[in-house]
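With the first letter of the sequence shown counted as 1, position 2 gets the number 1 in my numbering; the numbers rise by one all the way through.
Cβ atoms here follow ideal geometry from the backbone N, Cα and C, with glycine treated the same way.
Keep in mind the model is a prediction, meaning the values are calculated, not measured.
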Amino acid sequence: MTTVSDKVKNRLEQLDDFEDGSVREMLNLSQQEYVKRINDLNAALKTTWEQDQRVRALKIAIQV
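Given below as structure tokens:
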């Protein structure tokens, strides 16, 4: 049986992995790739906000 604290811990770990990968990915992009990535993050931000995933939306907003 999965407890609430296990679910929260798992979700926080997923968010940390998401953030770390995105930061590393942005370091080696050309200008055109960077603009595309920002546009992709903007779309992801809108989607996560509409899906009521507020913590993930905030992390995306910080990256943008």
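Simplified DSSP assignment, three categories, for GLN50: Numbered from its first residue, the sequence shown carries residue 50 at position 51. Here GLN50 sits in coil by DSSP.
Contacts around VAL63, its chain only, beta-carbon distance under 8 Å, and the 5 residues preceding and following it disregarded: Locating residue 63 in the sequence shown gives position 64, counting from the first residue. Counting only Cβ-Cβ distances below 8 Å, and skipping sequence neighbours, we find ILE37, LEU40, ASN41, LEU44.
CA-to-CA distance, VAL54 to THR46, given in whole angstroms: To locate residue 46, count along the sequence shown from 1; it is residue 47. To locate residue 54, count along the sequence shown from 1; it is residue 55. So the two alpha carbons sit approximately 13 Å from each other.
Helix, strand or coil at SER63 [DSSP, three-state]: Reading the sequence shown from its first residue, position 64 is the one you call residue 63. Checking the sequence shown, residue 63 turns out to be Val, not Ser. In this structure, VAL63 counts as coil in the three-state DSSP scheme.
For SER4, three-class secondary structure by DSSP: In the sequence shown, counting from the first residue as 1, residue 4 sits at position 5. Correct three-state label for SER4: helix.
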